[in-house]
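For the record, in the sequence shown the residue sitting at position 77 is 77 according to my numbering, with numbers rising by one throughout. Glycine included, each C-beta is placed from N, C-alpha and C at the ideal position. Since the structure is predicted, the reported quantities are computational estimates derived from the model, not experimental observations. Here's the structure we're looking at; comments come further down.
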Amino acid sequence: TVDTTEENKADIKKNHANSAAGLDQVHYKDIIAMDSELLNKLINDYRAVGLESCMLKFVTLLIMKRFVNWAKARKIIPPPQNGFRKGYRTNNNTFILRAAMEKAKFMGKTLWVASIDITNAFPSVDRSTLWQKLQELGASGKLLD
């Protein structure tokens, strides 16, 4: 939507306004200066545009925000999921673990902890299964067509 495009432009202006141009030689200031309705039309007509560098980052941010808002509305993202969420930090879980360790030690109790190495979890995800699961959860629109 135009509103989401405006939000993205405000975010870029606040956090990335002076970034260098990418390989496409497009600066964020050029994207910010574009008419939001025109930019929104350009993004939504994604088959007609080749995306790279700054423009790709802008569209990726837009897609991410749409999915995050969609997932939040359906309460799909569990509270312990801290990565890539506004207001959350990945070190939140480290703090929680440390607090649990200190509490167990103070109370003289044993704390059992399991750890899973998911370093390469996302690159090994079957993309078609991921899209199918998202569709089963109610995701729809051009991204799933």
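| Check | Outcome |
| --- | --- |
| Simplified DSSP state of P123, which is helix, strand or coil | helix |
| Length of the line joining the Cα atoms of N8 and L97 | 34 angstroms |
| Through-space distance from S115 to G108, alpha-carbon basis | 22 angstroms |
| For K105 and L111, the rounded distance between their alpha carbons | 8 angstroms |
| Endpoints, the alpha helix (DSSP H) within which Y28 is located | Y28 to A33 |
| Straight-line gap, L38 to N44 (C-alpha atoms, nearest Å) | 10 angstroms |
| Rounded straight-line distance, which links the Cα of I77 to that of G141 | 20 angstroms |
| Beta-carbon proximity check, G90 vs N40, cutoff 9 angstroms | A small fix is needed here, since residue 90 is Thr in this sequence, not Gly. Contact flag unset, no. |
| Check whether T4 and K65 have beta carbons under 9 angstroms apart | yes |
| Anticipated Cβ contact below 8 angstroms, Y28 with S36, distance rounded | Wrong, their Cβ atoms sit about 14 angstroms apart, outside the cutoff. |
| P80 vs N69 beta-carbon contact at 9 angstroms | no |
| CB of L56 within 9 angstroms of CB of D11, strictly | no |
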